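Right, one structure below, let's go through it.
Residue numbers (this note's numbering): 259 to 698.
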C-alpha cells in the first residue's frame with residue numbers, strides 16, 4: 259500500500275482519540291499523569307498530560323500533512339521550531355509562572371505550527387501578518403474544514419484499475435459490525451446456558467461480573483459518555499484545521515496578503531510634518547521625564563531608596579507604568595508605519611527614522627529601569643511566579659524595541675526575530691521558574 263494512503267488513514271483514525279484526550283486532559287483536569295522529580299529540594303510536580311497531548315497533536319498533523327502533500331514531504335527549520343515550541347510550552351505549563359498563560363501559548367503555537375508546516379502563512383513566513391495568520395488558523399481553516407472528516411474517509415475505499423473495475427470485492431464495515439454484535443449476543447446466551455448447568459462456570463462469571471461492575475463504577479461511564487459526545491465537534495474542528503491547511507495551495511493566503519497590503523498602503527496619507535511633530539512630542543516628553551526623575555530612575559541600580567519610602571513600595575512603584583509606556587511606544591511606532599507617508603521605495607525620511615530610533619531607545623531605557631526595580635525587589639523578597647513573569651514581559655518589550663530600531667534603519671522587517679525570541683524566551687523563563695520553585 260502507498261505510504262501516502264497509510265498516512266491519510268492514520269490521520270483520520272487518530273483524530274477522534276486526539277479530540278477525546280483534549281477533552282479529558284484540558285477540560286476535566288490533569289491530575290492523572292504526573293511525576294515528581296524533586297530530590298529533597300522542595301516539591302516540583304510535572305504534569306505530563308499536556309506534553310503528551312501536544313506530542314500527539316504534532317504526530318497527527320504530520321500524518322495528515324504527509325498524507326496530503328506526500329509521504330516524503332520534509333519539514334522546514336521554522337516548522338520544527340514551532341513544533342518544539344508547542345511541546346515546550348505544554349511541558350512547562352505545570353511549573354511555569356502561569357498555567358493559563360502557558361496553555362494559551364500552547365494553543366497559539368499549536369495552530370501556528372500547523373500553518374507553518376504546510377507553508378500557509380500570509381507573508382510566506384513569520385511576519386507582521388501573524389494576527390491574520392492566527393485568525394486564519396483558528397477560524398477560517400478549522401471551521402471551513404469541518405466536513406473534511408467525513409469527506410476524507412474516501413481514502414479507505416479500494417483503488418480501481420484503469421478499466422474502472424474494482425480490483426477486489428468491497429468490504430462493508432457495517433456488515434462486520436452487525437456480525438460481531440450478533441456473535442456477542444449468541445455467546446452470552448451460550449455462556450448463560452452453560453452456567454445454568456455447571457456451578458463452577460456460574461461462580462466464575464458471578465465473580466467476573468462483580469469485578470466488572472466495580473470497574474465500571476470507578477470509570478464513571480456517564481462522564482466517559484459525555485466526553486465522547488463533546489469530543490465529536492472537537493474532532494471535526496481539529497481535523498478540519500489539519501486537513502484544510504494540508505489541502506490548501508496558498509492562493510487564498512496570497513490574495514488576502516495582497517489585499518491587506520493594499521489596505522495598509524491606502525492609509526499612508528499623514529504628512530511627514532505631522533509625523534515629525536507627533537513622534538518628537540513623545541521623545542521630548544520622555545527626555546524631560548528622564549531629567550526630572552533621574553534619581554528615581556537610578557535607584558534600582560544603586561540600591562538607594564528615596565527618603566521616606568519603603569524599599570518594597572519603591573520597587574513596585576511605577577513598574578507596571580513603565581511597562582505600559584513601552585507598550586504605548588510600540589503603538590506609536592505602529593501608527594507611524596500605518597499612516598505616515600513614505601517614498602516610492604517604502605522608506606521613511608531620515609528625520610522620521612531618527613525620531614523613531616530615539617523613541618525606541620527611550621523604551622529600552624524604560625525596560626532597563628523596570629528590570630532594575632524588579633531586581634531590587636527580587637533581591638529582598640525573593641522569587642514569585644508573577645515577578646519572573648514581569649521580568650519576561652520587560653525583556654520581551656525591550657527586545658522588540660531593539661528590533662524596531664533595526665527595522666527602521668535597515669529597512670528590513672525584524673518582526674520574525676522578535677516573535678521567535680518571544681516564544682523561546684517564554685519557554686526559558688518557565689524553565690527558570692521551575693528551577694527556582696524547586697530550590698525555594
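Cβ coordinates follow ideal geometry from the N, Cα and C atoms, glycine included.
If you're wondering where the values come from, they're calculated on a predicted model, not measured in any experiment.
Query	Result
Identity of the residue in 313, 312, 321 nearest residue 262 by Cα	321
Given 8 Å, three or more beta-carbon pairs between the stretch 372–392 and the stretch 493–505	yes
Distance, residue 366 Cα to residue 266 Cα	25 Å
Cβ contact check for the stretch 342–356 and the stretch 669–685: 3 or more pairs under 8 Å	yes
Distance, residue 270 Cα to residue 411 Cα	7 Å
The stretch 390–401 contacting the stretch 348–362, beta-carbon criterion three pairs below 8 Å	no
Candidates 316, 644, 661: closest to residue 358 by CA position	644
Paired residues, beta bridge with residue 498 - DSSP	Looking at the DSSP assignment, residue 498 forms no beta bridge with any residue, so it has no partner.
Proximity of residue 390 and residue 380 at Cβ, strictly below 8 Å	yes
Cα-Cα separation between residue 277 and residue 594, rounded to whole angstroms	44 Å
Alpha-carbon to alpha-carbon, residue 507 and residue 666	33 Å
Selected residue, minimal CA-CA separation from residue 692, among 264, 311, 272, 347	347
Cα-Cα separation between residue 446 and residue 436, rounded to whole angstroms	16 Å
Alpha-carbon to alpha-carbon, residue 670 and residue 384	13 Å
Cβ neighbours of residue 611 in the same chain (closer than 7 Å, five flanking residues each side left out)	666, 667
Inter-residue spacing [alpha-carbon to alpha-carbon] between residue 635 and residue 629	10 Å
Backbone secondary structure at residue 384 - three-state DSSP	coil
Backbone secondary structure at residue 328 - three-state DSSP	coil
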